[in-house]
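Novice: According to our numbering, the sequence shown is numbered sequentially starting from 3. By construction, the Cβ of each residue, glycine as well, lies at the ideal position given by its N, Cα and C atoms. Okay, handing you the structure first.
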Amino acid sequence: MSLLRNKNHVSIKKRFIPFIILTFYFAACNSVPEVDLTKRKTNFPDRTLINAHIYYKDSGRIVLDLRSPLIEEYSMIDTPYMKFPKGLELDFYNKKSDTPGYLRANWATASEMRGWYEGRGDVLVINEKGDTLKTQKLFWNKKTRKIFTQDTVFLISKMGDSLQANNGLEATDDLKEYTLFNNQGTKYYEEKE
């Protein structure tokens, strides 16, 4: 009886040997993809701020008052930037005026290193004098202190004058000087007696 048991045991082992060999063969055929560990993923923010309210100060004086439901900071790349995917509101203060300017956009990015800023979606800018600019997309070059766009722009002065530029504008960031492209509008003048 013991001889029969050993014979069956050996027979079972012989049946599994081809199965084991085929398993190892097919497992060895699959190549393992090479992974480049030197490349870093940079398509995710390294810091996220939710319901942010940030004050920027210079010499104890508030320069900017920034509010945003979501700020994503991307600083692990060559040109770091911040993204405001849910929009922002910004009060900016000038040394010469106590009244702040105002900026609102539904989406924005800011690259402090490049001095380049972009706002999209119902962009509204009100300078400290009360002049208003409305557009769908606006760029600001901090180094040259110029704003520009190629979208339709509406300029409304504190006095009630309204100008429309169908092909955009280039202007100083305080809106003192501007060039409108394909413009139309209404300008009010005081009559002299």
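On the three-pair Cβ rule with 8 Å, is the segment 92–99 touching the segment 148–168?
Specialist: no
Novice: Would you mind giving the Cβ-Cβ distance between R116 and T81, rounded to the nearest angstrom? I have them listed as a contact below 8 Å.
Specialist: 6 Å
Novice: Taking all protein chains shown into account, do 16 or more other C-beta atoms lie within 10 angstroms of the C-beta of M84, making it buried, or fewer, making it exposed?
Specialist: buried
Novice: Rounded to whole angstroms, what is the Cα-Cα separation between K145 and E36?
Specialist: Annotation: K145 to E36 spans about 44 Å, alpha carbon to alpha carbon.
Novice: According to DSSP, simplified to helix, strand and coil, what is T154?
Specialist: coil
Novice: Thinking just about the alpha-carbon of each residue, which of K88, V125, F86 and R63 is nearest to the one in P102?
Specialist: R63
Novice: Counting C-beta neighbours from all protein chains within 10 Å, is the total for N129 16 or more, i.e. buried, or is it exposed?
Specialist: Flag for N129 reads buried.
Novice: On the premise that Y119 lies in contact with F86, defined as a C-beta separation below 8 Å, what is that separation, rounded to the nearest angstrom?
Specialist: Not a contact, Cβ separation roughly 10 Å.
Novice: My understanding is that L135 touches L177, with C-beta atoms under 8 Å, so please give their C-beta distance in whole angstroms.
Specialist: 7 Å
Novice: Rounded to a whole number of angstroms, what is the C-alpha to C-alpha distance between K98 and K131?
Specialist: 11 Å
Novice: Please state whether DSSP places I19 in a helix, a strand or coil.
Specialist: Helix at I19.
Novice: Judging by CA-CA distance, which residue of K59, N108, I149 and R147 is the nearest neighbour of S70?
Specialist: N108
Novice: Hey, could you find the ends of the beta strand (DSSP E) E74 is sitting in?
Specialist: R63 to Y76
Novice: Using 10 angstroms around the beta-carbon of T137, count the other beta-carbons present and answer buried if the total reaches 16, otherwise exposed.
Specialist: buried
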